[in-house]
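Read the structure below first, then the notes.
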Amino acid sequence: MDHATVVVSGTKIADEIGTGRSEVWRLVQQLRGLGVEIAGHPATGYQLKAVPDLLLPDMLAPALKGTIFGADVHRNYHHYYKIGSTNVEAMESAAAGASEGSVFVAEEQTAGRGRGVHQWDSAPSAGIYCSVVLRPALPPSEALVLSLAAGLAVHSAVQQIDSGISPDLKWPNDLLVGGKKFCGILTEMNAEATRVRHLVVGIGINVNQATFPAELQPIATSLRLASGTEWSRMELCAALLKSLDHEYRDLLEKPGAHESVLQRFQKRSTSAQGRRVQVEENGGFEGVTEGLDSRGFLQVRAAGRLRTVLSGTVRLK
Ligand code: BTN
Numbered sequence: 000m001d002h003a004t005v006v007v008s009g010t011k012i013a014d015e016i017g018t019g020r021s022e023v024w025r026l027v028q029q030l031r032g033l034g035v036e037i038a039g040h041p042a043t044g045y046q047l048k049a050v051p052d053l054l055l056p057d058m059l060a061p062a063l064k065g066t067i068f069g070a071d072v073h074r075n076y077h078h079y080y081k082i083g084s085t086n087v088e089a090m091e092s093a094a095a096g097a098s099e100g101s102v103f104v105a106e107e108q109t110a111g112r113g114r115g116v117h118q119w120d121s122a123p124s125a126g127i128y129c130s131v132v133l134r135p136a137l138p139p140s141e142a143l144v145l146s147l148a149a150g151l152a153v154h155s156a157v158q159q160i161d162s163g164i165s166p167d168l169k170w171p172n173d174l175l176v177g178g179k180k181f182c183g184i185l186t187e188m189n190a191e192a193t194r195v196r197h198l199v200v201g202i203g204i205n206v207n208q209a210t211f212p213a214e215l216q217p218i219a220t221s222l223r224l225a226s227g228t229e230w231s232r233m234e235l236c237a238a239l240l241k242s243l244d245h246e247y248r249d250l251l252e253k254p255g256a257h258e259s260v261l262q263r264f265q266k267r268s269t270s271a272q273g274r275r276v277q278v279e280e281n282g283g284f285e286g287v288t289e290g291l292d293s294r295g296f297l298q299v300r301a302a303g304r305l306r307t308v309l310s311g312t313v314r315l316k
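Residue numbers (numbering that gives the first Met the number 0): 0 to 316.
Quick look at the structure:
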């Protein structure tokens, strides 16, 4: 990185790492496959052009100091080039004893999970696919507010980096820009009736996608498409984990934090109040939103009756 413009011969690299030129070629090909831009070939030497924006622990560790995610980065921060689902991995690891604050981040997911039956499109190194393990001393009924707080953390992280982007929160866990979704959150938990054993908050953010599969194009966007510029995933991921740490600690420690989450969520959502929606629940019904109740559930007035949405499948009309 310090000598990004220098051309280094394959022989010199081979000598330095104690191998042969053909092994250097193999390693260079492997790095290219991971997105590292390297010009040249064995005859002319190699030149490092650009290092990709990978979410590696060493890059994030300094920013995570002092947060629950920075306690022991080398043990608790798990980075994958390719995995099925970071949520599945985090849930399994939590069941096997992974500590609170463990982070599972992937460059690509082959079976990214969305809410309900949905999948999460997880193109390589374009988005942030991140799951964190939490062990809050809270009843399971607080998981919804914690999940709403995660949405606020994404909102804040995006605004810290580009205050020109103003995400719109859609209950319970979507973030939209220009009416299209760029972030989804899947919170899963293992709990007793009165006590959460562990909880995994999985966050998927479309960051630098330039395009989406045809079926997603009408509903999905990325921060790059919304802002017109490429984003540093590393910077956004660091801001996200710091904001999440802040929201989480407040919920555990600060009186009034629960109410603050509900208030701020409603303030940053154009659809939580006074918006016509279709609710896919109890055979489906249509009505107008009337804010969140004290537990964080969406209320909808339908045919003169105030109804509470429990399942979370709400379509904006
Ligand atoms: C949704 O809107 O349906 C929720 C999407 C959640 C996607 C994230 S990506 C990281 C984590 N791992 C998963 O398999 N899912 C979540």
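Here a beta-carbon is modelled for each residue, glycine too, at the ideal position from N, C-alpha and C. Here the structure is a predicted model, which means the values were calculated and not measured.
Any non-hydrogen atom of ligand 1 within 7 Å of residue i CB
i: Asp173; result: yes
i: Ile218; result: no
i: Ile202; result: yes
i: Gln208; result: no
i: Ser242; result: no
i: His117; result: yes
i: Asn75; result: no
i: Leu143; result: no
i: Tyr128; result: yes
i: Arg114; result: yes
i: Gly345; result: In the structure as shown, the chain starts at 0 and stops at 316, and residue 345 therefore has no counterpart that could be examined.
i: Gly178; result: no
i: Ser268; result: no
i: Ser101; result: no
i: Gly163; result: no
i: Ser84; result: yes
i: Ser146; result: no
i: Gln108; result: yes
i: Gly150; result: no
i: Gly227; result: no
i: Ser221; result: no
i: Ser121; result: yes
i: Gly283; result: no
i: Gly111; result: yes
Residue i Cβ short of 7 Å to ligand 3 heavy atom set
i: Trp170; result: Summarising the ligand content, the structure contains ligand 1 and does not contain ligand 3.
Backbone secondary structure at residue i - three-state DSSP
i: Val72; result: helix
i: Asp292; result: coil
i: Gly203; result: strand
i: Asn189; result: strand
i: Asp244; result: helix
i: Arg194; result: coil
i: Ala237; result: helix
i: Glu279; result: coil
i: Val35; result: coil
i: Ile218; result: coil
i: Ile82; result: strand
i: Phe284; result: strand
i: Gln158; result: helix
i: Arg314; result: strand
i: Val57; result: One detail in the question is off: residue 57 reads as Asp in this sequence, not Val. Helix at Asp57.
i: Leu137; result: coil
i: Met0; result: Interpretation of Met0 is limited by its pLDDT of 43, a score under 50 that renders its predicted location unreliable; the figure taken from the coordinates is listed afterwards. DSSP places Met0 in coil when its eight states are reduced to three.
i: Asp14; result: helix
i: Gln208; result: coil
i: Gly19; result: coil
i: Leu151; result: helix
i: Arg223; result: helix
i: Arg267; result: coil
i: Asp249; result: helix
i: Ala95; result: coil
i: Ala125; result: coil
i: Lys213; result: According to the sequence displayed, residue 213 carries Ala and not Lys. Ala213 falls in the coil class under three-state DSSP.
i: Glu88; result: helix
i: Trp230; result: coil
i: Val144; result: helix
i: Val27; result: helix
i: Val50; result: coil
Sheet register partners of residue i (DSSP bridge)
i: Leu305; result: Arg300
i: Gln103; result: For the record, residue 103 in the displayed sequence is Phe; it is not Gln. His77 and Ser130, per the DSSP bridge assignment.
i: Gly183; result: Asp173 and Gly203
i: Arg112; result: Gln118
i: Val7; result: Tyr45
i: Leu168; result: Leu174
i: His40; result: Gly44
i: Gln272; result: Glu289
Residue-level contact to chain C via CB, residue i, 8 Å cutoff
i: Gln29; result: Reference to chain C is not applicable here, since this structure consists of a single protein chain.
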